Every structure is written in structure tokens, then in C-alpha cells.
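Worksheet: one structure, shown below.
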Amino acid sequence: MSQAFNLVLFTEIKQAQNVKTGNDKEPNSKLRAIVRISERSSKKTPRATPRDDFVYTWNSTISLKLRSQLKLPLIQISVWDKQAHRSVYVGEVRFFLIGLLKSLAYNEHTSSWESTPQWYQLYSSEDKKSFSSGTILVQFRVQQHLSKKNLFFNAKSDVTLSDQTGSSDLLNQYIQAIETSTPRSLQKKAFDLSNPNEQRFYPDIETNALASSILDCEIDSMLEDFTYRKPNITESSLHDDTLTDTDFESIHSDPTIPSSALVPKRILFIEILSVTDLPPYKSFTRATFDMDPFVVISFGKRTYRTSWRKHTLTPVFNERLAFEVCDYEKNYDLQFSVLDKDKFSFHDQVATGFVSVSELLEEKTTDKPCTDFKPTSSNLILLDKPMNANESADNLLDTKKKKYKRNVNTDATLQGGLLRKYELVMSLDGKKNWSRKTKDEYIPILKFNTRFERYEILRRQLWMHLLQGNDTQMKGTLDLIELNYFVDCLGSNLSDKTLASFFEYYDKNPWVGETLTIEQVIDSLERLVFKRQCANTHENYIINIDTCPLCGQGRLSLRQDLDILKHLSICASRDWSTVNKVLKPSFVSSKAATRRWYSRLLIKLTFGQYTLGGNSANILIQDRDTGYILEEKMNIHVRLGIKLLYKSFDKANSRKIKTLLRKLSIRQGIKFDSPSSVSQIPSFIKFHKLDVDDCLLQLDEYKTFNEFFYRKLKPGSRPQEDENNSNIATSPADCRCTVFESITFAKTFWIKGRNFTTKKLFGSFYSREMADLYDECSIGIFRLAPQDYHRFHSPVTGTVGKVQSISGEYFTVNPMAIRSDLDVFGENVRCLLPIQTKEFGRVLVVPVGAMMVGSIILSVKENQEVKKGDELGYFKFGGSTLLVLFPNKRFKFDSDLLANSNNKIETLIKVGMSIGHTPEEPQFERHYRSFEEEPVDQQLRIIRCITGGSTFEESKQATQRRNELLGNEGSPQEKDLQVENLSWEAKNMNLEELEENESLLLYDLVNDGT
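Mapping the sequence shown onto numbering that gives the first Met the number 0, position 759 (from 1) lands on 758, and the numbers just tick up by one.
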């Protein structure tokens, strides 16, 4: 295919200035530039010496042939200082090839595509980590292959090129060929590599990993259209550092995830109106109160924050947010927190409230007004009369007129839904020692409006608005020419054949002037959208614009066209006159919103970037039950040590480090098997705030620390979801899991070890039969942290095969190590445990030991029949991991786990939770569990699981005292009770509120302790 195009990229390296050379003492530095497109396609310029003004001049042109099949669509121009005995790296500049080619303009006189000369900033790569300065002047040109005498810019101008070159569409055809032949993951990789990170370094180019992924990866979806950013002729960078993975990727981008599960079907609008009856915090001078409140709203992986109001107990916000709700998120809770802004210390938690999103997503809210809807939450009050959007604008109209002295437009664009006004009774923060008078006198109430719309309805309203605006003659119909003009205005590339099919569906002939009504056009567009969602194809796009005309947000062309439609639908449905501000996600988690700027800066400098899916020492996971973002509990010295060992220094592969980790793991295992290790149990429980109520034995019955570490649980503590259905596989452990449809995707998103293969994983037991079964298998990675329950169970029902043990190293299985160059799974100690099943075929469970793991103990034998949920074995002290390999043609992972994994987010799950199913079996539907309907013990257990609350220090005595506290109010035993010996729950429990069944208030009695 490449010979059909015969395109050549000419790169003219003109000058460089303000360059810091490798040796400042040597005045006559000689710089050389190297232009590289792929591993085998690179050329270099002659050496250049500086003039008096330290300007290096080359005026040299490099010609490289453009091939339609590239390993990586990336252009790299590196500058080197040639010294006496070596060449010193100076800096480089990188370009995303597809974006660069799209930015070139066609020149009819030369029949070529050219750019203007531009200055580009030099940066250092991350592996060099040197200080780079200076700029380089570069010009690009693309032309068909000619004779050698015409391959330079200084060729004679009388050469006729019209007969030797193609049309102006030739370059576009070549770009489409690259987008088709290059996997999407590699296009994104090249795009990321062309942008410096926050430290102004280019990411490392992993050539080996890229080469292997080329051979293994076949991705059918094409990359969305990139709009190349024009550089400024300054010494500033060409690249825009504000572009993140969120801007690049879309919810429809991954072909491995079922689109029906991930496409947002509901849009929830929330207007934060006001908060009343806040308690007065005493100021530093004690002369008045100190309260500068703001509201934090958390839902799943999204956290929003309002602006703050100064010195008030009844703040008015009038700010709006809108977010999508996928099917797997409808059981999550929506959390509201009111905080007091402090200038120097942490923001103070004032009050908290929870609302089930399923209550706000009732279908009745978008139909005719209904007043019989009653929310199940006892602290959520729905006002009797639903309110129209324009009515809510009237409430603020008089105030706005007085304040701004101007008319306010209350015409809501596409605002057809009804707003429901709620009042949420919030609970005061449980960590504060509120007096009984304060609790009785101050009951904070959050007032907010909600509106629920189905995405399909919003999109149809958007089509109606756009088509009516395009119907200038007010006919209500469109012929083929008008329809073609309409899609051209949207930037669409739909073919005439596709548009003609709209008419053929209604038995009309577009070529004789027959027309379609606006409703028929909308139905046709909706059928096309539905077809694209089901097939998950990206061959044609319906809409392609760069900037939203409603909110002004840019870079929309970097998204899929369905995401652009979603954005426009939300924007068009907003009534900008009803609120003062529209909120955007501001924080990773609600806990991050309480920290001051210097705390966040210190965390970033010490542990790395605080972000979901980030490769740093801040490990953030999402709880599957609640959707909350949790930060994994880890000792500071352990966190820093892992970061330094696996990220900062390249010593992890050395023999000394391997020997040290092996000795430490064995020594630690021996230590925790000794009777004296029992003294470590209370401190371990206290630090990790473990729940020991599920333990089969009492704490004083464990003879060693390891016995407690691999403790058994009471029967029924981990129920199996859909236990009798063998077509559903369940989680083998309490763990943080990531799952992938193939080894290729696992290596792309998570496992960064350059040499990781199934052959290396199986070691000497690798065979052709295993290669056929597992080379393209689905893989689940289930990581156990030290605070987890460390026995692992069978995810399926079947027969255990022959178990093979493989000796190895003791590297940590922390995500930082997994996403480093180390092949942790291929080098650590492990064993292969096959299970033959009827539904899934041969499933392979691979327990992998890790740092400080004494040993892996199996509880099953060969030819033993196991049921789903039966114990397979356990790990002694330390972190550990289970790999579970399924034949990908007979198994599919749950969509919510896939969505998080492809965003590099671990999901916190427990033994017995569904992880996947056979292709014929529908995904297990997880139902919402009402907190109020749970018994008191279960409510406390849920609180501990969510917040990490502490446990009883002595199980027997504390259990007895808790029963006395709950069952015998006012008894002499209660009066003699020593609070210091009670658990966190017993210390903070309010008996009157408990008797009144105000159970949600227990959420605010949580003592974070982190």
C-alpha cells in the first residue's frame, strides 16, 4: 500500500538558538539534528557551529519516505552536541504524525503540502532528564517521490510536477490509510508521547513494548479526528499540557466493552440552591462565629465543589451540575458534604447527607407531574408540587434584576423537563464534640432541585432545534440537497448513500425531489446513532466540530462524534438564567476537597500525582458497592520506599535487590510464625482499622500473627451472587481487581513489564496446548493488600487439575511495580492451578507471591471437585495477587470492571461478587441495597467497609458491652461503661437517633483517622 502513495516527508532544519550545549567550557560546539519517524527510518543533518550570536544554522533538508504501515506515528527531532569522544544529548521536539499531516496546506504551484517555518521549544526526554533550553526552526513539506535531483528545497523552480504528483486528496487518502492500519492504542500512545508531562519531560518511548504490541494487537476502531494545534512563533512550547487522557478518550472508544452497558442513558441535572441552619463555629478570637461554607458533591468517580460564601450560616449558591448515569452506576449514592473553608488548616467538615441516585431517577420525574412519589430515604423531603424550570427562574429573577440592574432571559433552550425540589436533612459531623443543645438547635437542610432526562430525549430535542434552525423556508420538510447541506454544517462525513437510505426507509426517491419531514429525519438520525452504538464502529461520524457554540468549550474534535452529541445535548438543555454557575468536576475524591493547597502540593511532591489511574504512590480505588473513591491505607515509609525503588532508580533488576527482597520475605515469614508475633496483631488491626466481627475465632485464640493474617471467616460472611448459576464467575478474593479482554490490552493499559508473556508466566510448564488456550485469553488481576482477607476461593465450578509450582523473586505487586519495566508476574514465585469447567473450558488460577509473602498454601488436591466459592488456599503475610485466565471466546467480564480497568482504575470487590459470565448469559444485575432496611450490625459493618472505621480492641468484651449499650439503655452497666475501651461505633453512637430509626446519621459519626 505504501508504494501506491510514494509520499516523501521533507523536514528542513533551518536554525537553532539559545541552546545549552553539553560542555559549556568548549566554545566551538558542533550540533547535529537527527530526524526519526520509526526505528529504521532516520537521518541526520551535518554539524553546525555557532555564530557570534550563538545561532546554529543548518539549512539542511531531510527526506524520509512515508509508509502506510508505521510502528508508531511519531516524528522525533533530536539535537546532539558532537564532542571529542562522545555525543551529548541536548534536547528534542516531537510531533504526532497524523496531526502534523492534517495541518499542512496544499500548494497548487508545487503540487505539495507545506507548513510555514515555525520555532519549536526543545525538551528533554524522561530517561535523559537533562536540562534542555533553546528553540529550533523547522519547516515540513510532503510531496510524491520524484527524481533525486528534485528532492531538496533548493531545486530549480522550472521543474514541472503536475504530471508526476497526485491530486490534492492524495494526502488525505494516506492519512486514512494510516488511521486504518495503525491500532488505536498506538495512535494514542504516539499522541501522548508528543506532549511533555508536568515536569516538562517527554515520556519514554518503549520500543520493545511497542514492537510486541504491533504483532499482538488488532483493533478495528479508528482514532477520532485530531485537530492539530498551530504553534506560536515564540520560545514557548508547541504542545498544550492541559490535554489529558480524559480529553482524548471517550466512553465509546474501547471496542472490547459492551457499549450498551457504558453508554450513558440518563442525564441528571442538579441545582444546589442553599443550605440553612448551619451551626456557628467559634472564631479564633471567640468574639463571633467562623463559617465560610461550600458544598462538595460526590458521585462515583466524579466530585464537584461549589464556590464558598463568606461568613454566613445560610449560604445561597444557585449553582448547577450535570452528569451522566450509566446502568452500573444507578445503585450508587449521591453524597453531599458541607465544609467550612479555612485559610491555613484543613477545611472543616460541617455536615453530610446521602441520597440514593435511584430515587432521583424515577421515570415519573420526566412524565406528567405527579405528587404521590415518596422517597425512601427518611431524611430526604420532596416538596408536594413539581416545579417547572421557568418557575425556578422566577424565584431568582427579582434578585438578579436588583443586583445586576438588567433584564434576565428566562427562556430555557430545550428546557422541557420538570424540576423537583428537595430538602435534604443533613447530619452534623460526628468527629466534632457537639453539645446536646447544638444538635437539637441546629439541623442543616440542603435545598436542591433535580431534573432527570433520558439521553435519547435530549438528543431528539437537539436534532429538532438544529433542523428547525436550518429550515429557513419553514416548510417542515427537507429534500436530499437540504439534508446534505445540514450534515455538512455539522462537519459530518456521511456519504450520499447513507443519506439516501433515509429516504429509502420511507419508500421515497430522493433523486426526484421527494422530501422527508423533520420527524422522519430525526428518526433516521436516531436509528443511525443506535446502529453505531451497537456495532461500536467509527467509520463515519455524524458530527465533528472543534468548539461548542453554547459553552465555548474547545477541543471537541478530539472526541467521538457520539460524545460531541452528548455534550451539545446537555448544553442545549441548560437554562442559564436559573443559576449563576455551572460546576465541573474539581477533585478526585471528596476527601481531597478538604485539603488545602499546600497539603495537595506536599502530597504531589512526595508521593506523585493525586489522580485516578495515575502511576504514583497515591493508590486510589473505587468501591464497587457504593462507587466511592477510596485511598488505600499504607505506611508512609512503605509508600515512599516502593516509589523510590521502582520509579526513581533503576536498581530493581539488580541481583542485590532481588537477593535482599528474597531474604526479607523469608525472614519476615519466619518472624510472623513465631508465638511472639501475637503482639503485632492489635497494632495491625488499629492501623488498618479492620473489621474482626467476621472472624471465625476470637482474637485471643490466634497463636501467631500469620494465623490471624490468613484467618478464616464465619460461614455466610461472603455470600455468592447467583450461587446456583454456574454460567457466572465470581471474585476469588477480597481484592482490588483489574480485568482485560486479552493479554494485549492488559499490556497496553496495566502490565508495563516489557518482557511479560504467557510463555514466561508458565515458565518451564509452557506447552503448545497451553499456548493455544491462553495466548489470547481474558485475564483478571486480583491484587490483595495486607489488610485484606487472604484466603482465595474458586471463581467457578469444576475439577482441579495438576498443580505446578514455580520458584521466583519477591517483587511487590503494588501498581507502581506492575506499571514499571519489571516483569513482576513473570519473575515472582507462583503456582499454576487449572480448573476444568463445563461452561468456560479450562480456567487457570495463578496465585502470585509478593514482597514479604512467606509462602503460598493450597487447600485442594488434583482431581478434587470444587464449587464456586470453595476455598483453594491462602497466602501468609504480605501483599499478593491472583491471576485468573479464561478462554476469551467462552467468557466475558462485567462491563463496569472493564470500564474502570481501561481507565487504569482498580475496583474494590469481595469474595462472591460477580466478575463475568458466558457470552450467552446476561450480566448479573446488582440491585440497590437500602441502608435503612439493614439491621444495626449490618449498618455498622457497611460503615466500616466504606470508611475504614476501627474495630473493637477486645472482641469478646466489646461485643458484650455493645449489646448492653444497644439493648439496655439507662442500665447501670451503661453508666459504668468506660468509653476508652469501646469501639469507634460505640463511642459515637447516639441512642435517641437510633431508636427513631434515623440510621443515615451514622454516616456522619465516622472517625476518618487518616
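Using N, Cα and C, we set each Cβ at its ideal position, and we do this for glycine too. Note that the structure is a prediction, hence the values are computed from the model and not measured.
Collapsing the DSSP output to three states places His916 in a strand. Put simply, the backbone Cα of Ile456 is about 39 Å away from that of Leu277. By the Cβ test, the segment 121 to 134 is in contact with the segment 190 to 201, since at least three Cβ pairs between them sit closer than 8 Å. With fewer than 16 other Cβ atoms from the protein chains shown falling within 10 Å of its own Cβ, Ser306 counts as exposed. In this structure, the beta-carbon distance from Ile834 to Gly872 does not fall below 8 Å.
By alpha-carbon distance to Gly98, the top candidate from Thr60, Thr134, Phe190, Asn58 is Phe190. With fewer than three CB-CB distances shorter than 8 Å, the segment 878 to 885 does not count as touching the segment 894 to 903. Restricting attention to Arg93, Lys101, Ser111, Lys837, the CA atom closest to the CA of Asn196 is found in Arg93.
Per DSSP, Lys309 lies in no alpha helix (DSSP H) and is assigned neither H nor E. In this structure, Phe781 keeps its C-beta atom at 8 Å or more from the C-beta atom of Cys830. Glu838 and Val802 do not touch by the CB rule: their CB atoms are close to 22 Å apart, not below 8 Å.
Take Thr313, set aside five residues on each side of it, and the residues of its chain with a beta-carbon closer than 6 Å to its own are Thr275, in chain order.
Judged by DSSP in its simplified three-state form, Pro509 adopts helix. Ranked by Cα distance from Thr514, the options Arg790, Asp470, Val677 are led by Asp470. Taking C-beta separations shorter than 7 Å and ignoring five residues to either side along the sequence, the partners of Met912 in its chain run Arg623, Glu720, Thr729, Ser730, following chain order. Contact between Asn705 and Phe671 holds: CB atoms are separated by about 5 Å, below the 8 Å threshold.
If you draw a 10 Å sphere on the C-beta of His346, you find 16 or more other C-beta atoms in it, and that means buried. As the crow flies, the alpha-carbon of Asn448 is around 15 Å from that of Ser355. Straight-line measurement puts the Cα of Val847 at about 22 Å from the Cα of Thr836. Under the three-state reduction of DSSP, Thr836 is assigned to coil, being neither helix nor strand. Distance from the Cα of Arg710 is smallest, within the candidate group Gln16, Ile541, Phe874, for Phe874. Between Ile36 and Leu63, the C-beta gap is smaller than 8 Å, which places the two residues in contact. Comparing alpha carbon positions, the residue from Leu832, Val845, Phe322, Arg841 closest to Gly825 is Val845.
Straight-line spacing of the CA atoms in Ala83 and Glu91 works out to 22 Å. Under a 10 Å Cβ-count criterion, Ser777 is classified as buried, with 16 or more other Cβ atoms of the shown protein chains found around its own Cβ.
Taking each of Tyr280, Glu318, Ser500, Cys488 in turn and checking the Cα distance to Tyr441, the smallest one comes out for Tyr280.
Annotated as distal: Thr179 and Leu69, with beta-carbon spacing of 8 Å or more. When DSSP states are grouped into helix, strand and coil, His792 belongs to the strand group. Rounded to the nearest whole angstrom, the CA to CA distance from His926 to Lys340 is 37 Å. Contact annotation: Leu267 and Ala321 have beta-carbon atoms nearer than 8 Å. DSSP places Pro182 outside both helix and strand once states are collapsed to three, so it counts as coil.
Where Gly468 is concerned, the enclosing alpha helix (DSSP H) starts and stops at 454 to 469. Cβ atoms of Ile296 and Phe353 stay farther apart than 8 Å, at about 11 Å. Along the length of the segment 680 to 715, whole alpha helix (DSSP H) runs at least 4 residues long occupy 704 to 708, reported in chain order. Distance from the CA atom of Val87 to the CA atom of Gly868, rounded to whole angstroms, is 59 Å.
The secondary-structure analysis by DSSP pairs Asn106 across a beta bridge with Ser111.
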